[in-house]
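S.K.: Take this structure first; my questions come after.
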Amino acid sequence: MKFDYMRQPLKKYFERISSKTPVPGGGSVSACIGALSSSLLNMVLNYTIGKEKYAEYEEEFKKIKKRNDEILNEFTEFIE
């Protein structure tokens with residue numbers, strides 16, 4: 005069963021979590037926290053990649069970003 009939480013406003017998601025329903029539950033909430041963490045890592049990587057100061061690490065950062073994008077996608081699927 006798909007609930008389509010990713011297409012709903014975040015406020016509605018919070019309301020559903022707070023209500024007297026079994027879903028979304030702890031697994032969905034944990035996945036949401038993971039997705040937020042992954043998004044923050046991407047923000048840092050996006051600010052860092054391309055900076056001359058970190059040029060020697062750029063390829064490694066790009067690899068990390070690629071894998072983190074995959075992880076973010078997995079977390080968003082787990083939210084459902």
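Start counting the sequence shown at 5; every next residue gets the next number (this note's numbering). Just so it is clear, CB atoms sit at the ideal spot from N, CA and C, and this is done for glycine as well.
From which residue to which residue does the alpha helix (DSSP H) around Glu81 run?
M.R.: Glu81 -> alpha helix (DSSP H) spans 62-83.
S.K.: Distance, Cα to Cα, Ile75 vs Pro13?
M.R.: Their Cα atoms are separated by approximately 22 Å.
S.K.: Any contact between the stretch 65-79 and the stretch 26-46? By contact I mean 3 or more CB pairs, one from each, below 8 Å.
M.R.: Judged by Cβ distances under 8 Å, the stretch 65-79 makes contact with the stretch 26-46, as three or more pairs qualify.
S.K.: For Ile53 and Glu62, which I take to be in contact (beta-carbon distance under 8 Å), what is that distance rounded to the nearest angstrom?
M.R.: Contact flag correct, Cβ pair sits at about 6 Å.
S.K.: Run the CB neighbour count on Tyr9, radius 10 Å, all protein chains shown included, and call it buried at 16 or more, exposed below.
M.R.: Looking at its Cβ environment, which holds 16 or more other Cβ atoms inside 10 Å, Tyr9 is buried.
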